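*Asks:*
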Amino acid sequence: MAKVLLAGESWVSATIDHKGYDPFPHTQVQIGCAQLLEVLRADGHDVTHLRSHDVAEFFPLTREELDVYDVVLLSDIGANTLLLPPQVFDQGRPAPNRLHLLRDWVRDGGGLMMAGGYLSFQGFGAKANYAGTAVEEVLPVTIHRWDDRVESPQGVQGALTGTDHPVVAGLDETWPILLGYQELVATEDAIVLAEIEGHPLLAVRTVGAGRSLAFASDVSPHWAPQEFMDWDGYGKLFSQAMTWLAADDSDEVA
Numbered sequence: 001m002a003k004v005l006l007a008g009e010s011w012v013s014a015t016i017d018h019k020g021y022d023p024f025p026h027t028q029v030q031i032g033c034a035q036l037l038e039v040l041r042a043d044g045h046d047v048t049h050l051r052s053h054d055v056a057e058f059f060p061l062t063r064e065e066l067d068v069y070d071v072v073l074l075s076d077i078g079a080n081t082l083l084l085p086p087q088v089f090d091q092g093r094p095a096p097n098r099l100h101l102l103r104d105w106v107r108d109g110g111g112l113m114m115a116g117g118y119l120s121f122q123g124f125g126a127k128a129n130y131a132g133t134a135v136e137e138v139l140p141v142t143i144h145r146w147d148d149r150v151e152s153p154q155g156v157q158g159a160l161t162g163t164d165h166p167v168v169a170g171l172d173e174t175w176p177i178l179l180g181y182q183e184l185v186a187t188e189d190a191i192v193l194a195e196i197e198g199h200p201l202l203a204v205r206t207v208g209a210g211r212s213l214a215f216a217s218d219v220s221p222h223w224a225p226q227e228f229m230d231w232d233g234y235g236k237l238f239s240q241a242m243t244w245l246a247a248d249d250s251d252e253v254a
C-alpha cells in the first residue's frame, strides 16, 4: 500500500461568542479530512497528515525528504503556503522552491493528487493561485487564472466517462451529489475518468515516470456532503487513487 503525505485540509477558527454584555473568544483547529484519513488507513495506506498551519514549516524542502513518500496529496492548501517557508517569509533568506521540487519529483516517479476546495487549483478569489506554476505543469488539468469555483447548492452529480481504469474499478456509473467543484480543462494527454456538468471531475495523467490525478471537488463538506462521504464508493475511489498513484509506470494500465 501507498505511503502518503496529505498536506492541508485543516483550518484555525477564531470565534467570539457574545452572551449579553460579555464576549467569549475561543480558538480551535478544525480537521476536514478525518473521514478520508479513516478510509485510507483502513485500506492499509500509511498516511501522514500535515495540517495546514504546519505546511509552511514542515513540508519537505528536499528531494530526500519527498522520497520518503509514494504520493503527495494537496487538498485545500494554497501555493503561497508551499512557496513561503519561515526562512523566506520571516527571515528573508532563500529556500528551495517546493513547487519546482514537486514537479521534478513527479517526473522522476512520484505520485501527485490535488483535490478541490477553496484553496485548491485557483480557488476562492484566485487565492490558491496554482495557475501557471510548476505544479500545474504536471497535473492532468489546466487551471484558469480566475476564481474557478462552481457553487452548486442544488446538488450536481458526477458520472463515469466509461473509460476502464484501476482508479474507478467497481464504482457506480453515477455518483451521489456534490455541492460544488472547480471548473478545469483536461490536458491533451490526460485521461478523464469522470465528468460533472461537462467538465472534468476526475482526471489522471502519466508524466515522465510519475503519475498525477486531479479531483475537482472536495473530499469533505461543504462541496462533498455527508451523502457523498457515506457512499461506499468514497473510500474505494480514493484508496484506488492512492494505489494507482504509487505504482511505477511499468504497470500494464497507466
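Residue numbers (the UniProt record's numbering): 1 to 254. Quick reminder that beta carbons are idealized off the backbone N, C-alpha and C, glycines included. This one's a predicted model, so the numbers in the text were calculated from it and none came from an experiment.
(1) Find the nearest neighbour of Val207 within the set Phe215, Pro200, Glu188, Ser217, judged by alpha-carbon distance.
(2) In angstroms with no decimal places, state the Cα-to-Cα distance between Asp249 and Met242.
(3) Which whole runs of the beta strand (DSSP E) in the segment 37–111 are 3 residues long or more, in chain order?
(4) Nearest-angstrom Cα distance between Pro23 and Ala14?
(5) By DSSP, does Thr243 sit in helix, in strand, or in coil?
(6) Taking 8 Å as the CB-CB limit, is Arg211 close to chain D?
(7) Run through DSSP, which three-state label would Tyr234 get?
(8) Determine the burial state of Val68: buried for a count of at least 16 other Cβ atoms within 10 Å of its Cβ, exposed for fewer.
(9) So Ser220 and Gly32 are supposed to be a Cβ contact under 8 Å. How far apart are they, rounded?
(10) Output the boundary residues of the alpha helix (DSSP H) element that contains Val138.
(11) Ordered along the chain, which non-local residues of its own chain (more than five positions away) have a Cβ less than 6 Å from that of Asp251?
(12) So for Pro221, helix, strand or coil by DSSP?
(13) With a CB to CB cut of under 7 Å and the five nearest residues on each side skipped, what residues in its chain are close to Tyr130?
(14) Got a sec? Which residues, its chain only, sit under 6 Å from Lys184 by beta carbon, not counting five neighbours each side?
*Replies:* Taking the geometry as given:
(1) For Val207, the nearest C-alpha among the options comes from Glu188.
(2) Legend: pLDDT at Asp249 = 43, less than 50; position of this residue unreliable, no value from coordinates given.
(3) Whole beta strand (DSSP E) segments, 3+ residues: 46–50, 71–75.
(4) 13 Å
(5) helix
(6) Protein chains in the displayed structure number just one, and chain D is not present.
(7) helix
(8) Only exposed fits Val68, as fewer than 16 other CB atoms lie within 10 angstroms of its CB.
(9) Contact between Ser220 and Gly32 is confirmed by a C-beta separation of about 4 Å, below the 8 Å threshold.
(10) 134–138
(11) Reliability of the predicted coordinates at Asp251 is poor, the pLDDT of 45 falling under 50, and no value is obtained from them.
(12) coil
(13) Ala79, Phe121, Gln122, Glu136, Ile143
(14) For clarity, residue 184 is Leu in the given sequence; the question names Lys instead. Around Leu184: Val141, Pro200, Ala216.
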